[in-house]
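The listed protein sequences derive, respectively, from chains A, B, C, D, E, F, G, H, I and J. Take the first sequence: its letter number 111 is residue 111 in my numbering, and every next letter is one higher. Heads up, my numbering is the position in the second sequence plus 1000, with the first residue counted as 1. Heads up, my numbering is the position in the third sequence plus 2000, with the first residue counted as 1. Heads up, my numbering is the position in the fourth sequence plus 3000, with the first residue counted as 1. Heads up, my numbering is the position in the fifth sequence plus 4000, with the first residue counted as 1. Heads up, my numbering is the position in the sixth sequence plus 5000, with the first residue counted as 1. Heads up, my numbering is the position in the seventh sequence plus 6000, with the first residue counted as 1. Heads up, my numbering is the position in the eighth sequence plus 7000, with the first residue counted as 1. Heads up, my numbering is the position in the ninth sequence plus 8000, with the first residue counted as 1. Heads up, my numbering is the position in the tenth sequence plus 9000, with the first residue counted as 1.
10 protein chains.
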Amino acid sequence: MLKGIHPLLGPELLHAIRTMGHGDHIVIADANFPSSFLGPKVIRADGVDAVGITEAILAHMPLDTFVPEAAWRMEVVGDPTAVPEVCATFQDLVNRLAGDFTVHSVERFAFYEMAKKAAYIVATTEFRLYGNIILKKGVVHPHEVYRVS
Amino acid sequence: MLKGIHPLLGPELLHAIRTMGHGDHIVIADANFPSSFLGPKVIRADGVDAVGITEAILAHMPLDTFVPEAAWRMEVVGDPTAVPEVCATFQDLVNRLAGDFTVHSVERFAFYEMAKKAAYIVATTEFRLYGNIILKKGVVHPHEVYRVS
Amino acid sequence: MLKGIHPLLGPELLHAIRTMGHGDHIVIADANFPSSFLGPKVIRADGVDAVGITEAILAHMPLDTFVPEAAWRMEVVGDPTAVPEVCATFQDLVNRLAGDFTVHSVERFAFYEMAKKAAYIVATTEFRLYGNIILKKGVVHPHEVYRVS
Amino acid sequence: MLKGIHPLLGPELLHAIRTMGHGDHIVIADANFPSSFLGPKVIRADGVDAVGITEAILAHMPLDTFVPEAAWRMEVVGDPTAVPEVCATFQDLVNRLAGDFTVHSVERFAFYEMAKKAAYIVATTEFRLYGNIILKKGVVHPHEVYRVS
Amino acid sequence: MLKGIHPLLGPELLHAIRTMGHGDHIVIADANFPSSFLGPKVIRADGVDAVGITEAILAHMPLDTFVPEAAWRMEVVGDPTAVPEVCATFQDLVNRLAGDFTVHSVERFAFYEMAKKAAYIVATTEFRLYGNIILKKGVVHPHEVYRVS
Amino acid sequence: MLKGIHPLLGPELLHAIRTMGHGDHIVIADANFPSSFLGPKVIRADGVDAVGITEAILAHMPLDTFVPEAAWRMEVVGDPTAVPEVCATFQDLVNRLAGDFTVHSVERFAFYEMAKKAAYIVATTEFRLYGNIILKKGVVHPHEVYRVS
Amino acid sequence: MLKGIHPLLGPELLHAIRTMGHGDHIVIADANFPSSFLGPKVIRADGVDAVGITEAILAHMPLDTFVPEAAWRMEVVGDPTAVPEVCATFQDLVNRLAGDFTVHSVERFAFYEMAKKAAYIVATTEFRLYGNIILKKGVVHPHEVYRVS
Amino acid sequence: MLKGIHPLLGPELLHAIRTMGHGDHIVIADANFPSSFLGPKVIRADGVDAVGITEAILAHMPLDTFVPEAAWRMEVVGDPTAVPEVCATFQDLVNRLAGDFTVHSVERFAFYEMAKKAAYIVATTEFRLYGNIILKKGVVHPHEVYRVS
Amino acid sequence: MLKGIHPLLGPELLHAIRTMGHGDHIVIADANFPSSFLGPKVIRADGVDAVGITEAILAHMPLDTFVPEAAWRMEVVGDPTAVPEVCATFQDLVNRLAGDFTVHSVERFAFYEMAKKAAYIVATTEFRLYGNIILKKGVVHPHEVYRVS
Amino acid sequence: MLKGIHPLLGPELLHAIRTMGHGDHIVIADANFPSSFLGPKVIRADGVDAVGITEAILAHMPLDTFVPEAAWRMEVVGDPTAVPEVCATFQDLVNRLAGDFTVHSVERFAFYEMAKKAAYIVATTEFRLYGNIILKKGVVHPHEVYRVS
């Protein structure tokens, strides 16, 4: 562990979000998501839920303000207006930690297509169905990094 | 870059100090140090000085309080009581960021022997001679990591 | 995830305990343990606690009955008779899932020496100090594996 | 071996089906199937028959209920309505272990095309011709995984 | 599969015994043997029993006639004169396929030491305890290889 | 070497033809063939002629009876009806070891295109020009493999 | 470090610009640039600013005089005529070290497309937004290399 | 193949003897020699006999004149004064191609010890027992290399 | 070094031209050629000029007589009829060592396209501009290789 | 090539001497030196002589002034006081480019032992016997590196 850094970020995930730049995407995937065969590098987070990983990433990674959409979730198959509890929690987390962003819903197979273009996929053991979110990294400004006082 | 994390920590160095545990050592080496052939994995920090890297590491990594010594510098060859300016700066940094630790001086070849057993060596472009320091990681307590408020 | 298998066992950890044989050791290490530089292959379990991983492993892996000791914890430095709460939980888990085994305490540096000879080290984010345990795999008997009824 | 897990699942195959997610395919191929040059990663199961591997996989992996077809076998060349004995056994196994799914027959070269898109191919030593099956993984629900009682 | 070659020999195992020379050892290990951490390269034979693999190897590999001993099994712990059924089968196989060789018994930990010096370890799913054998390759004479008539 | 196996099959070539399945191709190439840059994995057979390698492969690998053509040679540039001596030998070998198959001639650049899709290319030191042949693997039936009597 | 060579050029960056030839491009990217997922090999320069790296490269690498454009910067989003201070510094550096070249501005996404075709991307920790530049290597003439006098 | 170079030298073997220097050893091993587990890199020459490989190597590689012995063969087990026919051929070849050197005989296990220290082992399919030789490379003089006339 | 082989051919380059077959191309590139990013494997020949490497290759590799063109050089930009001195030397070398072949000139970017399809690029330190040549390997006939007399 | 850098330093050799630090050794070896099997990483410089490489390295790398000896050559076997011409040239070069250092002679096998501990061995095609030298890197001072004026 490290001081001042979210403890859910292991070495590989820290490395991953540190390499990401403005506009790169990261997928936080639930336990049933087909993470391993879509193309992007997979970071295993077995035993951790998607909400925890999302919190950990948003603690240190801003969302993109240059574009109208910077966060997406998977639409419920057969019930496009439903908002599962885990998705409502994603929306709350985004508002608390990243700002006034809407987590947009995306049809299942279109979501897979978005995932194929991401920088990384984090494979969690989130039990709840539809516990998937994609985040787009924004610009980090100098005043936001750690400064020795 | 990432919010709340020292900007001098690139992906590889962040990964490195996140993998270190209680009692592991890291060497921050100057531009003339024989970093590449001592054994430990080398992390290049070309163009950065040793003081900057030391500050960045101490910003997130505590020193070990279980043992009497947790930081060492290389003794000046032929002048064992000398304290080069860069070493005085190391001592100041340690006191400001890590606590009441003495940076102990170690004879040149004994310092190389210690370096051989370190977890990592960070190869900086510190111009100043004797700009080398070894740090021993301490325990990180739960209240020290990032917590979402 | 898979049916009938503990969900905390990700692909790498499942693979690991499946390759282990009679008498091989696995270390479940807390967040401060120096896991990466002792020698054995490290399996990251960032964000998971040591008790959860121990439960998951014991759900599928028996302890060794051929020898007098098959489980060990790290002795508290400076207080060899103390039994930290996390260690008491280890003992309960072992009794519930593996049988009548004592989790023996081992002095800190002797524990490191044992860890160097293990098959794997699982690096958890267990916050509690002394949240480390070593388990010795026993023989699996034919009636214990999955059988299609 | 491991307690409660089918013994035909070696470390690599366990790892494979644990990485698969909702909608991913796995091919269980007979001894004459051109497994090695179609693209997907091959897991060798030399000396084991296809029925055994299919049983082992279905013991821990559900089939997909979101789509009309979740299992396929290769159609006999020149006799499209034939149902070889090994294929009848596949159908029985699927019904016993996975539920009310039909194992659909697919023309030989179309079957190869499906195999090219699978996550894995398991190369068995099934002697019987047409001893090939493709399975599509379904969603695993929380009540289906191992739970410590 | 290949004509005239034992079908239990997959590509990796065929490659292995073809690389072995006069005096090299191969271990056929049961499902509980600690195969993975002794040093030699491991060839997985999950789902196959040790007797089948031994038969397949002896079908194509002679034993060494230059030395007094060319085959060994593990002695039963606590009962050094016992001959488990699987070991009797090993002895029969050796006599039928290799000639008049005794399968010598070796104490458990001495057997591990021999295994560490082998060329390969084949990890089977032999359920029967003590289902382990070490074979020493002999010289292959020109009249023994395949000849086009 | 191994008993009952053609001695020209080294470990890598044995491994190769064991991985091939029904319908896969293997190229046996002469000393001037551009083997290394066509795509398939190359197995070196320096110092061996193409006829010897073809004999060794056909000793253990059947040709495909499901399709009208299962063996091809390169047509002489500028003399399409010529049958070089090495090609006549290929035809004899095929008839003796594989059955009633014609070795069809293919124009030089079309032959290269076929070679690009093969599973393997065996690069021999066959001196004779046009000493190249492509073989298509057939089905191996249970009665053709090695059986312990 | 080396005599007569710019100290900001570490081993990997020296290696990189030495492998580049006439017409190859190198990107010097700021701290927010999405360096890692565009395709070219990334050279980390964490802790160094883009102006320093540009100076170091131009100290040893000429720009291309065969074509009308040999240096490019990213256009400010929403303000195409703006010239950020860091870009003015790039222009000064180019004029001082490389000659009479204009640093042309390129729209953000077109700049990404150019970056995808570069030989290397150097990922700096330049804090200033738009601190990105692409340089095209020119011909090195014999009189320009080091000569022992 | 290449002009003026022995055709039995494939790419790997040519590379090998070109990297060898004054005093390095190469083993040419028969079909029963335990080539793969002694340590040195193995170059397969399946299907070629040891005499052919020895001729090919001596065609381009001189033996060492700085030391009293530069070539060794394995002594017949149980008959130390025997000179098998293949060994007599080795002696003839050495005399014809390398000069007035004796091929010294070495006891079997001492020969293995010498082989462990060689630069390379060439694994031939030499059928004749004791068809093994070790050669020590000498100095190549300028007048011996290829010169354009 | 080796007897009878051109000394400028190091292990890697010898290996390369030995793997090439009839019709494969090799590029010998000058010090400014963009060798590293065109695709083919690059063999470094730093410190050697292109004429020396061309001589060394032609000493052992014939040019292709099956096609009208087997050698090409890069046309001078802006002066298509110019014949730089280094190119005249290439033509002389080809005539002396390979026979009556013309070294055809090819426009710069078309030359790059040809280079992308070559088997190898040899990166020399030829100072002279336009010191680039592409050679197409021909057939080696049995009487051209080394023969023990 | 690069401006202001010795052209004989290719990418790998530049990288090598840039990674070396105070006290590390580099061997420049002649064409007969057994470079490949002593342990250190080998950098090929086929076609270049040892004097050229030594000049190139000394152009950018200082020798060590902290110790009494910083350069060594191999003693002539059987004539310890001889100074071959190539060695005299080494001494001249060292004096011209590095300063007042003696190139000490070392007995052949002791020289090999020193070479085993070097950081790198550069394998040249120096024809002259005894064309070997070992150099010990010294400290580079800030005023010696490249500075933009």
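C-beta atoms are modelled at their ideal positions from N, C-alpha and C, and glycine is treated no differently.
Asked	Found
Where do the N-terminal and C-terminal ends of the beta strand (DSSP E) with Met-1074/B fall, by residue?	1071-1074
Which residues in the same chain as Met-2020/C place their Cβ atom closer than 6 angstroms to its Cβ, once the five residues preceding and following it in sequence are excluded?	Ala-2119, Lys-2137
Pick helix, strand or coil for Val-86/A, following the three-state DSSP scheme.	helix
With a threshold of 8 angstroms, are at least 3 pairs of Cβ atoms found where one atom belongs to the region 5064-5077 of chain F and the other to the region 5111-5118 of chain F?	yes
Counting Cβ pairs, one atom from each stretch, are 3 or more of them under 8 angstroms apart for the region 36-45 of chain A and the region 76-88 of chain A?	no
Between the alpha carbons of Ser-8036/I and Leu-6002/G, how many angstroms are there, rounded?	24 angstroms
Under 7 angstroms Cβ-Cβ, which residues of chain I neighbour Ala-9059/J?	Residues of chain I passing the Cβ test: none, with the nearest at roughly 13 angstroms.
Assuming Ile-4053/E contacts Thr-4124/E (C-beta within less than 8 angstroms), just tell me the rounded distance between them.	6 angstroms
Using a beta-carbon distance cut-off of less than 7 angstroms, what residues from the region 6015-6031 of chain G approach chain J?	His-6015, Ile-6017, Arg-6018, Thr-6019
Ordered along the chain, which non-local residues of its own chain (more than five positions away) have a Cβ less than 7 angstroms from that of Phe-8127/I?	Ala-8031
Can you pull the chain B neighbours of Tyr-130/A, defined as C-beta to C-beta under 9 angstroms?	Result: empty, since nearest Cβ-Cβ is about 23 angstroms, beyond 9 angstroms.
Does the beta carbon of Met-8074/I sit closer than 9 angstroms to a beta carbon anywhere in chain J?	no
For the region 4054-4065 of chain E against the region 4008-4023 of chain E, are there 3 or more C-beta pairs whose distance is under 8 angstroms?	yes
For Val-1042/B, list the residues DSSP reports as bridge partners.	Ile-1121/B
Measuring straight from C-alpha to C-alpha, what distance separates Pro-142/A and Leu-9135/J?	45 angstroms
For the putative contact between Ile-4121/E and Pro-4040/E, defined by C-beta atoms under 8 angstroms, what is the C-beta separation to the nearest angstrom?	5 angstroms
Check each residue of the region 96-109 of chain A: if its Cβ is closer than 7 angstroms to any Cβ of chain D, include it; give the result in chain order.	none
Out of Leu-6008/G, Gly-6004/G, Val-6139/G, Val-6106/G, point me to the one whose CA is closest to Ala-6098/G's CA.	Val-6139/G
Measuring only between beta-carbons, confirm whether Ser-2035/C sits less than 9 angstroms from chain B.	yes
Hey, could you find the ends of the alpha helix (DSSP H) Lys-5116/F is sitting in?	5108-5116
Give the single residue among Ser-6105/G, Ile-6028/G, Val-6148/G, Glu-6055/G whose Cα lies nearest to the Cα of Leu-6008/G.	Glu-6055/G
Select from the region 6038-6068 of chain G all residues with a C-beta closer than 7 angstroms to any C-beta belonging to chain B, and list them in chain order.	Arg-6044, Ala-6045, Asp-6046, Gly-6047, Val-6048, Gly-6052
Check for me: the beta strand (DSSP E) holding Ile-4028/E runs from which residue to which?	4025-4029
Return yes when the Cβ of Ala-3059/D is within less than 9 angstroms of the Cβ of His-3006/D, no when it is not.	yes
Just checking my contact of Leu-2014/C with Arg-3018/D at CB under 8 angstroms: how many whole Å lie between their CB atoms?	5 angstroms
Would you say Phe-111/A lies against chain D (beta-carbon separation less than 9 angstroms)?	no
Taking 9 angstroms as the threshold (beta carbon to beta carbon), is Val-139/A in contact with chain G?	yes
Compare the C-beta of Phe-5090/F with all C-beta atoms of chain I and state if any pair is closer than 9 angstroms.	no
Name the chain J residues whose beta carbon is nearer than 7 angstroms to that of Pro-6011/G?	His-9015, Arg-9018, Thr-9019
If you run the structure through DSSP and keep just helix, strand and coil, what is Ile-1053/B?	helix
Consult DSSP for Ala-7009/H and reduce its assignment to one of helix, strand or coil.	Here residue 7009/H turns out to be Leu, not Ala, going by the sequence shown. In the structure shown, Leu-7009/H sits in coil (DSSP, three-state: anything other than H, G, I, E or B).
Report back the beta-carbon spacing between Ile-9028/J and Asn-9132/J to the nearest angstrom; my notes put them in contact at under 8 angstroms.	7 angstroms
Let me check understanding here. Comparing Cα to Cα, which of Asp-2100/C, Gly-2004/C, Glu-2107/C, Glu-2144/C lies closest to Glu-2069/C?	Asp-2100/C
Let me see if you follow: with CB-CB separation under 9 angstroms, is Ala-119/A close to chain G or not?	yes
What is the C-beta distance between Cys-6087/G and Val-6103/G, in whole angstroms, given that I count them as a contact (C-beta under 8 angstroms)?	7 angstroms
Could you check which residue in Val-8145/I, Pro-8034/I, Ala-8016/I has the C-alpha nearest to that of Leu-8129/I?	Pro-8034/I
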